[in-house]
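In mature numbering (1 follows the signal peptide of the UniProt record, and there is no 0), the protein residues as written are -22 to -1, 1 to 312.
Reviewing the structure listed below.
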């Protein structure tokens, strides 16, 4: 367009590049229904000065990224991937890629929170990227849950006290198991595993209903896992408001008991979580135990056919975070 103003000529040139669009920020969380999808350059190429982020914020599990295509201006335009956070910062930076170095690769991040950031400079552009993402609760080597039984079968013969694998554990202990619960179990409380004798008491309970109002904190024992050892108080994984598990989703849970301090460390899909003491009426709370012996799948809510706990492992020592994270799906040697 040509416009004359006095002795000056002003030129306005408008150029439209077909298929070039600005990217926008995207977010995927446990609140939504999406557990997989694609993040990609919106068009045939990206724009100059692009700055967008893709945030994955789930309760548990990891994030898998499959780079179908990846073409950035080498050394000038970058993709940054942050793990264990929803706010990008240098301390959480896991990897930085440019050029074609990520093309055809698959990356798996153990954390349930991952942020992918793409930034370009003000000069040359390329075709960009297309990345399939998926939330993963287990690695590909996981055997998965067994088929449900019409009638649950559980048996246990207690060895002599002090003879391993007796559940009469004195000292440190670690409990690991895979779990899937339906929506019914999440409306009440159900014992995943409990053992009660005249001297020993271990309780692992899913706290489905929100009855424990924790004073001084917004974290509440709602839809979360609780652990308790002999003579101690209940400890729970304080990831309010969504808790340790989601209906119908496989999750690996672990509790590590330190007998010296009387405290529990709790892990969800291999990741350490904030752990708090159960409280009721401003006082530490002790979970009530069932009758003598071993109990699975009952407290206030009976175990349903759709509810499953498998691969339960009891260790008579405190396993490290690395042991739990690295060996979630390792088979046991006879």
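Think of the CB as a built atom: it goes at the ideal place given N, C-alpha and C, for glycine as much as any other residue.
Every value quoted in this text rests on a predicted model; they were computed, and no experiment measured them.
query: Relative to the alpha-carbon of residue 19, which residue among 7, 49, 40 has its alpha-carbon at the smallest distance?
result: On the chain shown, position 41 is the one that residue 19 refers to. When C-alpha distances from residue 19 are compared across 7, 49, 40, the shortest belongs to 49.
query: Do the CB positions of residue 160 and residue 247 come within less than 7 Å of each other?
result: Reading the chain shown from its first residue, position 182 is the one you call residue 160. Reading the chain shown from its first residue, position 269 is the one you call residue 247. Not a contact, by the Cβ cut-off of 7 Å.
message: Suppose contacts are defined by Cβ-Cβ distances below 7 Å. Is residue 53 in contact with residue 76 by that definition?
response: On the chain shown, residue 53 is found 75 positions in, with the first residue counted as 1. On the chain shown, residue 76 is found 98 positions in, with the first residue counted as 1. Result yes, Cβ atoms of residue 53 and residue 76 sit closer than 7 Å.
field: Three-pair Cβ contact test at 8 Å for the stretch 79 to 87 versus the stretch 25 to 32
entry: Under the three-pair Cβ rule at 8 Å, the stretch 79 to 87 does not count as touching the stretch 25 to 32.
field: Where the beta strand (DSSP E) containing residue 215 begins and where it ends
entry: As a position in the chain shown, residue 215 is number 237, starting the count at 1. Counting along the chain, the beta strand (DSSP E) containing residue 215 begins and ends at 213 to 215.
- request: Say whether the stretch 167 to 184 touches the stretch 144 to 154, bearing in mind that this needs 3 or more beta-carbon pairs closer than 8 Å, one atom from each stretch.
  value: The stretch 167 to 184 and the stretch 144 to 154 touch, with no fewer than 3 CB-CB distances between them shorter than 8 Å.
- request: Determine the burial state of residue 22: buried for a count of at least 16 other Cβ atoms within 10 Å of its Cβ, exposed for fewer.
  value: Position 44 of the chain shown, counting from 1, holds the residue named residue 22. A residue is called buried when at least 16 other Cβ atoms come within 10 angstroms of its Cβ; residue 22 does not meet this threshold and is exposed.
- prompt: Can you give the Cα-Cα distance for residue 154 and residue 172, rounded to whole angstroms?
  reply: Locating residue 154 in the chain shown gives position 176, counting from the first residue. Locating residue 172 in the chain shown gives position 194, counting from the first residue. Using only the alpha carbons, I get a separation of about 13 Å.
query: Around the C-beta of residue 270, are 16 or more other C-beta atoms found within 10 angstroms, so that it is buried, or is it exposed?
result: Indexing the chain shown from 1 puts residue 270 at position 292. By the neighbour-count definition (other C-beta atoms within 10 Å, threshold 16), residue 270 is an exposed residue.
message: I'd like the span of the beta strand (DSSP E) that includes residue 61, first residue to last.
response: Here the question's residue 61 lines up with position 83 in the chain shown. First-last of the beta strand (DSSP E) with residue 61: 56 to 61.
query: Where does residue 297 land, buried or exposed, given buried means 16+ other C-beta within 10 angstroms?
result: The residue you call residue 297 lines up with position 319 of the chain shown. Per the 10 Å Cβ criterion, buried.
- request: Any chance you could list the alpha helix (DSSP H) runs of at least 4 consecutive residues sitting entirely within the stretch 232 to 308, in chain order?
  value: Here the runs fully enclosed are 299 to 304.
- request: Go through its chain and collect everything with a Cβ distance to residue 51's Cβ below 8 Å, but skip five positions before and after it.
  value: Along the chain shown, read from residue 1 onward, the residue named residue 51 stands at position 73. Taken in chain order, the residues that qualify are 76, 77, 98, 99, 101, 102, 103, 104.
Exposed unless 16 or more other CB atoms sit within 10 angstroms - verdict on residue 223: Translated into the one-based positions of the chain shown, residue 223 becomes position 245. Counting of Cβ neighbours within 10 angstroms places residue 223 among the buried residues, the total reaching 16 or more.
query: Should residue 358 be labelled buried (16 or more other beta-carbon atoms within 10 Å of its own) or exposed?
result: For residue 358 there is no data in the structure shown, the boundaries of the chain being -22 and 312.
- request: Go through the stretch 16 to 84 residue by residue and report every complete run of the beta strand (DSSP E) that reaches 3 residues or more, in order.
  value: Runs of the beta strand (DSSP E) lying entirely within the stretch 16 to 84, each at least 3 residues long, are 29 to 35, 40 to 49, 56 to 61, 71 to 76 in chain order.
- prompt: With 16 as the cutoff for other CB atoms within 10 Å, does residue 240 come out buried or exposed?
  reply: Locating residue 240 in the chain shown gives position 262, counting from the first residue. Exposed: under 16 other Cβ atoms inside 10 Å.
- prompt: Per DSSP, what kind of secondary structure is residue 180 in: helix, strand or coil?
  reply: Stepping through the chain shown from its first residue, residue 180 is reached at position 202. Here residue 180 carries a strand assignment [DSSP, helix/strand/coil].
task: Going by CA-CA distance only, name the one from 182, 168, 56 that's closest to residue 243.
output: Position 265 of the chain shown holds residue 243. Ranking the options by Cα distance to residue 243, first place goes to 182.
query: At a cut-off of 6 Å, is residue 184 close to the ligand ZN when judged by its beta-carbon and the heavy atoms of the ligand?
result: Ligands are entirely absent from the displayed structure, and the ligand ZN is therefore not among its contents.
message: Residues in the same chain with beta-carbon distance under 6 Å from residue 122, minus the five sequence neighbours each way, listed in chain order, please.
response: The residue labelled residue 122 in the question sits at position 144 within the chain shown. No answer about residue 122 holds up, because its pLDDT of 43 lies below 50 and its placement is not dependable.
Residues near residue 120 in its chain [Cβ-Cβ closer than 7 Å; skip 5 each side]: Start at 1 with the first residue of the chain shown, and residue 120 comes out as number 142. Confidence at residue 120 is low in this model, with a pLDDT of 41, below 50, so the placement of that residue should be treated as unreliable; the coordinate-derived value is given next. Counting only Cβ-Cβ distances below 7 Å, and skipping sequence neighbours, we find 307.
message: Given a cut-off of 7 Å on the beta-carbon distance, is the pair residue 70 and residue 60 in contact?
response: Numbered from 1 along the chain shown, position 92 holds the residue referred to as residue 70. Numbered from 1 along the chain shown, position 82 holds the residue referred to as residue 60. Yes; because the gap between Cβ atoms is below 7 Å, this pair is in contact.
- prompt: What distance in whole Å lies between the Cβ atoms of residue 47 and residue 91, which are believed to be in contact at a cut-off of 8 Å?
  reply: Within the chain shown, numbered from 1, the residue matching residue 91 stands at position 113. Within the chain shown, numbered from 1, the residue matching residue 47 stands at position 69. For residue 91 against residue 47, the beta-carbon gap comes to about 25 Å, at or over 8 Å, which does not count as contact.
- prompt: Can you list, in chain order, the residues of its chain whose CB lies under 6 Å from that of residue 245, leaving out five sequence neighbours each side?
  reply: Mapped onto the chain shown, residue 245 falls at position 267. Excluding residues within five positions, the ones whose Cβ falls inside 6 Å are 232, 302.
Where residue 4 falls, given that 16 or more other Cβ within 10 Å makes a residue buried: Indexing the chain shown from 1 puts residue 4 at position 26. Classification for residue 4: exposed.
query: For residue 186, which of helix, strand or coil comes out of DSSP?
result: On the chain shown, position 208 is the one that residue 186 refers to. Three-state DSSP puts residue 186 in coil, outside helix and strand.
- prompt: In whole angstroms, what separates the C-alpha of residue 295 from that of residue 208?
  reply: As a working mapping, residue 295 is identified with position 317 in the chain shown. As a working mapping, residue 208 is identified with position 230 in the chain shown. If you take the alpha carbons of residue 295 and residue 208, they lie about 15 Å apart.
- prompt: How many Å lie between residue 227 and residue 37 at the Cα?
  reply: For this step, residue 227 is matched to residue 249 along the chain shown. For this step, residue 37 is matched to residue 59 along the chain shown. Roughly 11 Å separates the two Cα atoms.
- request: In the DSSP assignment, find the beta strand (DSSP E) that holds residue 147 and state where it starts and stops.
  value: By 1-based counting over the chain shown, the position of residue 147 is 169. Bounds of any beta strand (DSSP E) do not take in residue 147, whose DSSP letter is neither H nor E.
- prompt: How about residue 212 and residue 204: do their beta carbons lie closer than 7 Å?
  reply: One-based indexing of the chain shown puts residue 212 at position 234. One-based indexing of the chain shown puts residue 204 at position 226. For residue 212 and residue 204, yes; Cβs fall inside 7 Å.
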